[in-house]
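S.K.:
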Amino acid sequence: MEVTATGLGPWPGEDPAEAARIIRGELGSPHLPFLAELPDRGVGSDALGRTAALLVEMAVDVQPYGWRLVDRPGKDFRRAASALSTDINVLADVAGDEDTRAPELKVQLLGPLSLAAGLHLHNGERALIDYGARRDVADSLAAGVGGYLSRISSAVPGARLVVQVDEPDIAAVLAGTIPTSSGYRTLRAVGGQEVTESWQVVIEALRDAGAAEIVVSVPEIEAPIGRIIAAGADGVAVPLRALTTRQWEQLATAVEAGKRIWAGALDVSRGTLPRVADVVESVWRPWHELGLPASSLGNIRVTPSAGLAGHTPATATAVLGRLTQVADGLNQRAHG
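Read left to right, the sequence shown gives residues 1 to 336 (UniProt numbering).
#1: Indicate whether A265 and P219 have their beta-carbon atoms separated by less than 8 Å.
#2: Among V319, L240 and G124, whose alpha-carbon lies nearest the alpha-carbon of L272?
#3: Am I right that G49 and W67 are in contact with their C-beta atoms under 8 Å? What's the rounded C-beta distance?
#4: As an exercise, report each continuous alpha helix (DSSP H) stretch of at least 4 residues that is fully enclosed by the region 42-126, in chain order.
#5: Using the C-alpha atoms, what's the distance from V202 back to A133?
#6: Starting from P304, follow the beta strand (DSSP E) in both directions and report where the run begins and ends.
#7: Thinking L323 and P10 are a contact (beta carbons under 8 Å), I'd like their distance in whole angstroms, please.
#8: To the nearest angstrom, how far is it from the Cα of E222 to the Cα of V238?
#9: Under 8 Å Cβ to Cβ from S82, same chain only, skipping five residues before and after it: list those, please.
#10: With a 10 Å radius around its C-beta and 16 neighbouring C-beta atoms as the bar for buried, classify K106 as buried or exposed.
#11: Go through its chain and collect everything with a Cβ distance to S153's Cβ below 6 Å, but skip five positions before and after it.
#12: Give me the DSSP bridge partner(s) of residue 338.
#13: In chain order, what residues of the same chain have a beta carbon less than 7 Å from the beta carbon of Y148, not counting five sequence neighbours either side?
#14: From G25 to N299, what distance separates their C-alpha atoms?
#15: Here's the rule I'm using: 16 or more other beta-carbon atoms within 10 Å means buried, otherwise exposed. How should P304 be labelled?
#16: Have a look at the DSSP bridge pairing and note the partners of P224.
#17: Note down, in chain order, each residue of its chain lying with its Cβ closer than 6 Å to the Cβ of I22, except the 5 sequence neighbours on either side.
#18: For S181 versus Y65, is the C-beta distance shorter than 8 Å?
#19: Let me check understanding here. Comparing Cα to Cα, which of G96, L161, A155 and L187 lies closest to G118?
#20: Taking all protein chains shown into account, do 16 or more other C-beta atoms lie within 10 angstroms of the C-beta of T177, making it buried, or fewer, making it exposed?
#21: Would you kindly check if the distance between the Cβ of V137 and the Cβ of S112 is under 8 Å?
#22: Once DSSP output is grouped into helix, strand and coil, what is the label at A309?
#23: Keeping to the same chain, check which residues put their C-beta closer than 6 Å to that of I129; ignore five residues upstream and five downstream.
#24: Please tell me whether D76 and D61 are closer than 8 Å, where the distance is taken between their beta carbons.
#25: For L290 and A175, I'd like the C-alpha separation in whole angstroms.
#26: Under DSSP, the alpha helix (DSSP H) around W11 begins and ends at which residues?
#27: Going by CA-CA distance only, name the one from E125, T51 and D234 that's closest to V145.
#28: Taking the straight line between their C-alpha atoms, what separation do you get for E57 and L141?
#29: Short check: CB of R246 to CB of V195, under 8 Å?
#30: Could you work out which residue in P33, N89 and S282 is closest to A242 when comparing CA atoms only?
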């Protein structure tokens, strides 16, 4: 295996065709192109609305406080579903015009815990507050991923499908620091074993639906790396900036078990992009210090430290180009 590059999903602008062409152009084989999320389009194009549109026998609409579970689909649900359908149709058109088909494609969806934290019950409280609601959200999402992946497969026939399950709120879910709707209290922490089991439900459904590789993406603070591996994921996607020595050791254990590390090595929080050599070193130094062989660098995909929706299209495009250069630099180390 060789080091490859991909993005995390969020992308600037409102034009899915332009996004698809840029992403597929910059991330040509062996790199991993992805289906862009375009939150600039508004309600339903954010990660929460997009994933909620996949739920089976659960409908949502938007209230002043956010997305709410409701009895029957309303205009917001239909808008989210329509935007996703448009993106899949555009992907099919763009991919169909290519001389050489990309062998892989990545799609993203919000994981069951962050989804339950973002969806509200009829009484306005977050679904995360209730064990039954958490279980229903995970089961509903698991039931919906098959239809999603089959539509993606139809758009890019023969492509190997990779799925990134995003859990941006997982540290707060496990720590019990997510506020109630009133803001005066916090929701009780969800137990680690329940988190692992929720992920297992969704991961198994994705696997059954044809996903060839599944990673769980989390922030680096308190990243539950061991739980992600225990849930059966093929890898962990995590920013590298603030990883502790213990977290690096957990990543090393995962690599030794044959798992992939999606390393959020390219810091996109500053005005200028870091130099390729500096980014390569930020991955290689801890790798080498942990005693991992250079040959195992092929278990890495390099990503930005965050999504790119807040950047200009030109900067986002430059980020993808820089990532492929970082991958080349790491491959030179691997074959050193």
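Glycine included, C-beta positions come from ideal geometry on N, C-alpha and C.
M.R.: Result, derived from the coordinates:
#1: Within the sequence shown, residue 265 is the residue found at index 265, counting from 1. Within the sequence shown, residue 219 is the residue found at index 219, counting from 1. For the pair A265 and P219, the CB atoms are not nearer than the 8 Å cut-off.
#2: Along the sequence shown, read from residue 1 onward, the residue named residue 272 stands at position 272. Reading off the sequence, residue 272 comes out as Thr, not Leu. Closest option to T272, Cα to Cα, is V319.
#3: Counting from 1 along the sequence shown, the entry for residue 49 is found at position 49. Counting from 1 along the sequence shown, the entry for residue 67 is found at position 67. Indeed they touch by this definition, with Cβ atoms about 6 Å apart.
#4: 47-52, 75-96 and 112-118
#5: Translated into positions along the sequence shown, residue 133 becomes position 133. Translated into positions along the sequence shown, residue 202 becomes position 202. Straight-line Cα distance between these residues: approximately 15 Å.
#6: Along the sequence shown, read from residue 1 onward, the residue named residue 304 stands at position 304. For P304, the uninterrupted beta strand (DSSP E) segment begins and ends at I300 to P304.
#7: By one-based count along the sequence shown, residue 323 stands at place 323. By one-based count along the sequence shown, residue 10 stands at place 10. That pair is no contact at about 15 Å.
#8: Position 222 of the sequence shown holds residue 222. Position 238 of the sequence shown holds residue 238. Each residue's Cα considered, the two are about 11 Å apart.
#9: Stepping through the sequence shown from its first residue, residue 82 is reached at position 82. Same-chain partners within the cutoff: G44.
#10: Taking the first residue of the sequence shown as 1, we reach residue 106 at position 106. Its Cβ being crowded by 16 or more others within 10 Å, K106 is buried.
#11: Position 153 of the sequence shown holds residue 153. Around S153: no qualifying Cβ.
#12: This structure gives no information on residue 338, because the portion of the chain shown stretches from 1 to 336.
#13: For the purposes of this step, residue 148 is taken as the residue at position 148 of the sequence shown. The answer, listed in chain order, is L54.
#14: Walking along the sequence shown from the start, residue 25 turns up at place 25. Walking along the sequence shown from the start, residue 299 turns up at place 299. Distance between the alpha carbons of G25 and N299: 23 Å.
#15: Residue mapping note: residue 304 aligns to position 304 of the sequence shown, counting from 1. Buried is the call here.
#16: Translated into positions along the sequence shown, residue 224 becomes position 224. Answer is none; P224 lacks a bridge partner.
#17: Counted from its first residue, the sequence shown places residue 22 at position 22. Same-chain partners within the cutoff: T317.
#18: Taking the first residue of the sequence shown as 1, we reach residue 181 at position 181. Taking the first residue of the sequence shown as 1, we reach residue 65 at position 65. Result yes, Cβ atoms of S181 and Y65 sit closer than 8 Å.
#19: Here residue 118 is taken as the residue at index 118 of the sequence shown, counted from 1. Distance from the Cα of G118 is smallest, within the candidate group G96, L161, A155 and L187, for L187.
#20: By one-based count along the sequence shown, residue 177 stands at place 177. That one is exposed.
#21: Here residue 112 refers to the residue found at position 112 when the sequence shown is read from its first residue. Here residue 137 refers to the residue found at position 137 when the sequence shown is read from its first residue. One point to set straight first is that residue 112 is Pro, not Ser, in the sequence displayed. Yes, the Cβ-Cβ distance between P112 and V137 is below 8 Å.
#22: Residue numbering aside, residue 309 sits at position 309 when the sequence shown is read from its first letter. In this structure, A309 counts as coil in the three-state DSSP scheme.
#23: In the sequence shown, residue 129 corresponds to position 129, counting from 1. For I129, where only same-chain residues beyond five positions count, the Cβ hits under 6 Å are L187.
#24: Counted from its first residue, the sequence shown places residue 76 at position 76. Counted from its first residue, the sequence shown places residue 61 at position 61. It is a contact, given that the beta carbons lie within the stated cut-off.
#25: Taking the sequence shown and counting its residues from 1, one reaches residue 290 at position 290. Taking the sequence shown and counting its residues from 1, one reaches residue 175 at position 175. The alpha-carbon atoms of L290 and A175 are separated by roughly 29 Å.
#26: Here residue 11 refers to the residue found at position 11 of the sequence shown. Note, W11: premise wrong, no alpha helix (DSSP H); not H, not E.
#27: Within the sequence shown, the letter at position 145 stands for residue 145. Measuring from the Cα of V145, the nearest candidate turns out to be T51.
#28: For this step, residue 57 is matched to residue 57 along the sequence shown. For this step, residue 141 is matched to residue 141 along the sequence shown. Counting only the Cα atoms, L141 lies some 10 Å from E57.
#29: Counting from 1 along the sequence shown, the entry for residue 246 is found at position 246. Counting from 1 along the sequence shown, the entry for residue 195 is found at position 195. No, they are not a contact pair.
#30: As a first step, residue 242 is located in the sequence shown; it is residue number 242 there, counting from the start. Answer by Cα proximity: S282.
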